[in-house]
Amino acid sequence: MLRQVLKCLFELEEYCKSWKDGAFDFDAFRKVSPESESRLNQFKDKLTFECSDGKKRVFSLHARVTPGAWRLHFCTELGPGKIIIGYIGLKIQ
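The numbering used here puts the first residue of the sequence shown at 1, with every later residue one more than the last.
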């Protein structure tokens, strides 16, 4: 899984290099989607992580890491070209 996680991280890094303005483009990075409303309601506590700046953020956006049911959760709150990784591991249940 390490290779697949690294591949995903490098793909996100490449995307961020060209992301200059606007919102995250889901069409440009097809493996990424937000959590559904029902999963967000059910797992909000588990999807909330404290960041290095002391702020707690909900990491709804996630990339699917395959094979298996791994996810890489991140947020784009800091604006274009910047993401914060909150979680890498098995799908949160």
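Glycine included, C-beta positions come from ideal geometry on N, C-alpha and C.
Assigned secondary structure, residue i (DSSP; H/G/I helix, E/B strand, else coil)
| i | result |
| --- | --- |
| Arg57 | strand |
| Phe24 | coil |
| Cys16 | helix |
| Leu90 | strand |
| Arg64 | strand |
| Arg71 | strand |
| Phe10 | helix |
| Phe49 | strand |
| Ser38 | helix |
Sequence-distant residues of its chain with Cβ nearer than 7 Å to residue i (five each side left out)
| i | result |
| --- | --- |
| Ser60 | Pro34, Glu35, Leu40 and Leu47 |
| Cys51 | Arg57 and Ile84 |
Residues near residue i by beta carbon distance below 8 Å, same chain, minus five either side
| i | result |
| --- | --- |
| Trp70 | Met1, Gln4, Val5, Arg64, Ile88, Gly89, Leu90 and Lys91 |
Distance CB(residue i)-CB(residue j) smaller than 8 Å
| i | j | result |
| --- | --- | --- |
| Gly79 | Lys20 | no |
| Gly94 | Phe49 | Nothing can be reported for residue 94, as the shown portion of the chain is limited to 1 through 93. |
| Leu12 | Ile84 | no |
| Phe26 | Tyr15 | no |
Same chain, Cβ closer than 6 Å to residue i, five either side skipped, listed in chain order
| i | result |
| --- | --- |
| Lys31 | Ala63 and Arg64 |
Distance between beta carbons of residue j and residue i, contact taken as under 8 Å
| i | j | result |
| --- | --- | --- |
| Arg57 | Glu77 | 6 Å |
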